[in-house]
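Just so you know, the sequences run in chain order A and B. Numbering that gives the first Met the number 0 puts the first sequence at residues 0 to 153. Numbering that gives the first Met the number 0 puts the second sequence at residues 0 to 475. Step one of this worksheet: look at the structure below.
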Amino acid sequence: MSTDLSALERKNQLYNKRWEHFPHGSDVGVRGIGHSLQEAFEMAAIAMTSVVVADPTSIADEKVVKINCSAIDIYFLLYEFLNSIIYEMDTKQMLFSKFIIRTMNETSLQANLYGEGVDIKKHQPAVDLKGATMTDLQVKQVGDFWIAQCIVDV
Amino acid sequence: MDLSRLEKISDYEWRICPYDRMQVPAIIFGSTELIQGMDDKVFEQLRNVASLPGIVRAAYAMPDAHWGYGFPIGGVAAFDPDNNGVISAGGVGFDISCGVRLLTSGLEHTAIEKQNEALADALFKHIPAGVGSRSQLNLNATEIDAVLTQGARWAVANGYGFAEDLERIEEHGQMFGASPEEVSPRAKERQRPEMGTLGSGNHYLEVQKVHEIYDSVTANAFGLKLNEVVISIHCGSRGLGHQIGTDFLKEMAIADKLQNFPLLDRELAYAPIRSQIGSSYIGAMRSATNCALANRQILTHFARKVFNSIFPKSHLSLVYDVSHNTCKEEWHNVNGEKKLLFVHRKGATRALGPYHPQLPISLREYGQPVFIGGSMGVGSLVLAGLSSSEEKSFSSACHGAGRAMSRTQAMHQWEGQKLMRELRQQGVIIRSPSFRGIAEEAPGAYKDVHAVAEATEKAGLAKKVAWLSPMICIKG
């Protein structure tokens, strides 16, 4: 799979799948696709969760954690958003399966993360996330869709 | 990578001549096969590193180099603080001071083969590994700051190991110049429950057999005897290092953007060494180095307890502990002059040659132990630093086999449970909380570690000492 965004212009693929992984030499790329910037960010978060857990639907959305992020531009905002989720996963020992961005502009957002405590038998988590990186960090409109992506270090 | 883009210096050393913004050439070490197998991104990232201000002599890629973050993994670059030299959070990486330590056990492999399943179970039970794992430690704020200042010395002082361990750890177990006050509350909070944990991904604790010895004099000096059991521990600074990387990458990238620094790659954000951000990062990074040294020391203590419970005659002695994601202030020869440089090693190991004053006296004659991690199917190689690596790579060598394919590809190619059974038939016991994690770390997903070690030796970076084959692998 190419990391080139132009490959995503195939509308059928976009309609059928709203997040995906793309390869990196040693780690994994996460890409969210949405009808809005907000949705692309939410989908990127699900793509990131699925780096850890093969089936994100196995994670119950029984607890909510609220986060606020701010940044100097939309790229740094994606970086901040994904890394804030990693911080909450690490410190609260939780996995999240649902992400609702309540309010958002180019430099700030407020979001609810829904999930549950890590259950190794149930979730079979594969890897810790060290951080979302600025490698291949892109936020871009492609046709009617928004793309939000970066490489995550695992 | 296309060899026609490179100038051949020797069979194991190739050069990218400076062009565009490159301040210095870039050097790639490796056999033609290894270099041809490298991603073109290595070329691009190495060129970008060679374009950074204050870089000295060249940007280097080790024989295991692959696509990284800003720097290639397997990248080495030194910067002169007196010539606008810079420090880059991406050049150290997210897992600050990730490294390997090797322990001898004094046990013959036949002595543990009868109880290898029991040993694997006990190690898996007592070495916290994988997502969500916890050790019994939960440090308060004062203790965290003490760890960040004192490193493995804190661990030893608190009952995790012996004073003689410290001599066999880089910096004698304590990185000076750490500034815990430069570490964010978030980073400390992430670390609090993670001290004494192995982590996941490519981190492991492996029980290995000294399978083959290439240099008997040096192997003997390192305490390595044919067919004896050794233990390798590969892990880093856990959540604290990851968060420091996240915090400072952002801070440097924002500062660079605001000052209109010409950035070729956002991930290659940097700060002048002599700047407020540079100084803050150095203090925080050194704190993370201490965290990693303490973490590996605590895990050693856990491993000792397990071995002693099953094999009361075992004695786990430290051969050496070396980090491979660092930036260290070191003296080097530059054009016949001694210069104090900041040497980034991202996925590269320091490889000091014989008689270097920083080596422990017991090893000084032989050169620094260098550990090249392979895969859970092949094991690791031990090498020793050579004097020739000072001129060639600021005394650096490679750190691992390097991935041959992405995690995504590996996950689709292998099935964890099946792979575990196949490895068991080959005599390797795997314990891991995640079958998917095993698939992503499949031996076939890595390059040939023997080819990497061979190229490292032929390039004059380090000499081969021994091959350690796997018996038990605890994977996070």
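No residue lacks a Cβ here, since even glycine has one placed at the ideal position from N, Cα and C. Fair warning: this is a prediction, and the values are worked out from it, not measured in the lab.
Cβ distance (whole Å) where residue i is taken to contact residue j below 8 Å
i      : j      : result
S395/B : S388/B : 6 Å
I515/B : I471/B : Since the first and last residues shown for chain B are 0 and 475, residue 515/B lies out of range.
G238/B : E193/B : 5 Å
L146/A : R17/A  : What sits at residue 146/A in the sequence shown is Ile, not Leu. Actually they do not touch by this definition, with Cβ atoms about 11 Å apart.
Q207/B : V182/B : No, Q207/B and V182/B are not in contact; Cβ-Cβ is about 34 Å, not under 8 Å.
A293/B : H323/B : That belief does not hold up - the Cβ atoms of A293/B and H323/B are roughly 17 Å apart, past 8 Å.
Q27/B  : A64/B  : Here the sequence assigns Ile to residue 27/B, which means Gln is not the residue at that position. About 7 Å separates the two Cβ atoms, so the contact holds.
R406/B : V27/A  : 5 Å
G92/B  : G244/B : 6 Å
K446/B : A409/B : Rounded, the Cβ-Cβ distance is 13 Å, inconsistent with contact.
Cβ neighbour criterion (16 or more within 10 Å) applied to residue i
i      : result
Q148/A : buried
V63/A  : exposed
R303/B : buried
I281/B : buried
H202/B : buried
S392/B : buried
T196/B : buried
V41/B  : buried
R9/A   : Note that R9/A scores 42 on pLDDT, short of 50, meaning its location in the model is unreliable and no value can be drawn from it.
H34/A  : exposed
Q137/A : exposed
Y18/B  : exposed
V48/B  : buried
Y354/B : exposed
Y11/B  : buried
Q123/A : buried
Q12/A  : The predicted position of Q12/A is uncertain, since its pLDDT is 40 and thus under 50; a value taken from the coordinates is nonetheless stated next. Flag for Q12/A reads exposed.
L2/B   : exposed
Residues that residue i contacts on chain A, provided the C-beta gap is smaller than 9 Å
i      : result
I72/B  : G24, S25
Q275/B : Under the 9 Å cutoff, chain A gives no residues; its nearest Cβ is about 18 Å from Q275/B.
H65/B  : G24, S25
L292/B : Those do not exist, as L292/B stays about 18 Å from chain A at its closest Cβ, beyond 9 Å.
When the options are compared against residue i, the one with the closest alpha-carbon
i      : options                       : result
S316/B : G346/B, F161/B, G129/B        : F161/B
V464/B : T299/B, I86/B, G222/B         : G222/B
G24/A  : S308/B, F70/B, V55/B          : F70/B
I143/B : P179/B, I126/B, S322/B        : P179/B
E107/B : A350/B, S361/B, E227/B        : E227/B
H171/B : G53/B, T288/B, S313/B, N324/B : T288/B
I272/B : D79/B, S231/B, S313/B         : D79/B
L339/B : G53/B, T407/B, Q114/B         : G53/B
R349/B : Y18/B, N219/B, A383/B, G401/B : A383/B
H411/B : M375/B, A60/B, E440/B, G335/B : E440/B
I71/A  : E250/B, R402/B, L460/B        : E250/B
V448/B : E12/B, P24/B, G29/B           : G29/B
W13/B  : A60/B, L51/B, S50/B, E43/B    : A60/B
M42/A  : M93/A, T134/A, K65/A, A110/A  : A110/A
P368/B : A77/B, V377/B, G352/B         : G352/B
Chain B residues whose Cβ lies nearer than 7 Å to that of residue i
i      : result
Q92/A  : G131
G130/A : F93, H241, G244, T245
T134/A : Y68, E266
N82/A  : T245
D89/A  : R189, G238
Residue i: contacting residues in chain A (beta-carbon distance under 8 Å)
i      : result
P432/B : I119, Q123, P124
Q408/B : P22
E40/B  : Just to set this straight, residue 40/B is Lys in the shown sequence, not Glu. G24, listed in chain order.
I253/B : I71, F75
R435/B : A53, Q123, A125
E439/B : A125, V126
Beta carbon proximity, residue i to chain C, threshold 8 Å
i     : result
H34/A : Of the chains in the structure shown, none is chain C; the protein chains are A and B.
Contacts of residue i in chain B (Cβ-Cβ under 9 Å)
i      : result
Y86/A  : R185, E188, R189, G238, Q242, T245
V138/A : Simply none; closest approach about 12 Å.
Y113/A : Here the premise fails: no neighbours, minimum Cβ distance about 18 Å.
Listed by chain order, chain B residues near residue i by CB distance under 8 Å
i      : result
V153/A : S199, G200, R406
Chain A residues whose Cβ lies nearer than 7 Å to that of residue i
i      : result
R402/B : G24, S25
L136/B : Under the 7 Å cutoff, chain A gives no residues; its nearest Cβ is about 15 Å from L136/B.
K249/B : F75, Y78
### Query
Hey, which unbroken runs of the alpha helix (DSSP H) at 4 residues or more fall wholly within the segment 119-180 of chain B?
140-149, 151-156, 162-166
### Query
Curious, which full-length beta strand (DSSP E) runs of at least 3 residues does the segment 111-150 of chain A contain?
137-141
### Task
Give, in chain order, every unbroken run of the beta strand (DSSP E) that is at least 3 residues long and sits entirely within the segment 62-121 of chain B.
70-78, 98-107
### Task
Let me know the beta strand (DSSP E) ranges lying completely inside the segment 387-444 of chain B, each 3 residues or longer, listed in chain order.
If only uninterrupted beta strand (DSSP E) runs of at least 3 residues are considered, those enclosed by the segment 387-444 of chain B are 395-397, 428-430.
#### Entry: Segments assigned beta strand (DSSP E), at least 3 residues, entirely inside the segment 228-272 of chain B
none
### Message
Give the list of continuous beta strand (DSSP E) stretches no shorter than 3 residues that lie fully inside the segment 57-85 of chain A.
### Response
With a minimum length of 3 residues, the unbroken runs of beta strand (DSSP E) contained wholly in the segment 57-85 of chain A fall at 62-69.
### Query
Can you list the alpha helix (DSSP H) stretches of 4 or more residues lying completely in the segment 180-213 of chain B, in chain order?
184-190
### Message
Just to confirm the assignment: which complete beta strand (DSSP E) runs, minimum length 3, are found wholly within the segment 283-332 of chain B?
### Response
For the segment 283-332 of chain B, the continuous beta strand (DSSP E) assignments of 3+ residues that do not extend past its boundaries occur at 316-322, in sequence order.
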